[in-house]
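A quick write-up on the structure given underneath.
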Amino acid sequence: MMLLLLIIILFFCYYFLKLLIIEDKDLIRALKRWIYDPSYAEKMANIAIIGSKIDYLNKNVIITINTKTFWQLHTDTLVRAEIKKRVNSDEFSDFLKLKFGEKYVFSTQKIYDNYVQIIGTSVI
Numbered sequence: 001m002m003l004l005l006l007i008i009i010l011f012f013c014y015y016f017l018k019l020l021i022i023e024d025k026d027l028i029r030a031l032k033r034w035i036y037d038p039s040y041a042e043k044m045a046n047i048a049i050i051g052s053k054i055d056y057l058n059k060n061v062i063i064t065i066n067t068k069t070f071w072q073l074h075t076d077t078l079v080r081a082e083i084k085k086r087v088n089s090d091e092f093s094d095f096l097k098l099k100f101g102e103k104y105v106f107s108t109q110k111i112y113d114n115y116v117q118i119i120g121t122s123v124i
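First residue of the sequence shown? That's 1 in full-length UniProt numbering, and the numbers climb one at a time after it.
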């Protein structure tokens, strides 16, 4: 009986946590790297960017890219450097052009302790 109750509680916790994490699948695909033998930083960067999201506020677009996973207490500097390298890549700038077109102009990214933030302002 207790096991069944525990399973039900875990299911509901998973379901509600899944609802709270709003992520953008296209953003995650643009930032993930598929390589044969990834290093530790590349593996952790692939895991950390899963919770990345895009918020639309008034005429702004705010892209938030996580640099740490939810079970880590702090961000590893190698992982943060790997994510910064991916954000500065030509592939990511092509993603921004395809996703948002000429409607938004993106500023330089702000790097915080737990995430990287890119703000785009509307041209129109």
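No residue lacks a Cβ here, since even glycine has one placed at the ideal position from N, Cα and C.
Is residue i helix, strand or coil by DSSP?
i    : result
Y112 : coil
N88  : coil
N66  : strand
S122 : strand
L20  : Only weak support is given to the placement of L20: the predicted model assigns it a pLDDT of 47, under 50, and the question is left unresolved by the model.
S39  : coil
T77  : helix
K32  : coil
L5   : helix
Determine, using beta carbons only, whether residue i and residue j come nearer to each other than 8 Å.
i           : j   : result
K32         : I8  : no
Q117        : T77 : no
I62         : K84 : no
F92         : R86 : yes
R80         : T67 : yes
residue 153 : E42 : Residue 153 is absent from the model: the chain starts at 1 and stops at 124.
residue 146 : N46 : Residue numbering for the chain in the displayed model covers 1 to 124; residue 146 lies beyond these limits and cannot be assessed.
May I ask you to list the residues that DSSP assigns as paired with residue i?
i    : result
N46  : DSSP output for N46 lists no bridge partner at all.
V61  : Y56 and G120
F100 : Looking at the DSSP assignment, F100 forms no beta bridge with any residue, so it has no partner.
F106 : G120
Less than 8 Å between the CB atoms is what I'm expecting for residue i and residue j, so what's the real figure, rounded?
i    : j   : result
T121 : N60 : 6 Å
K99  : D26 : 6 Å
Please name the residue, chosen from the options, that lies closest to residue i on a Cα-to-Cα basis.
i           : options               : result
L57         : M1, L5 and Y104       : Y104
D55         : I119, I124 and V123   : I119
residue 172 : G51, L10, P38 and Y40 : Because the chain spans 1 through 124 in this model, residue 172 falls outside it and cannot be assessed.
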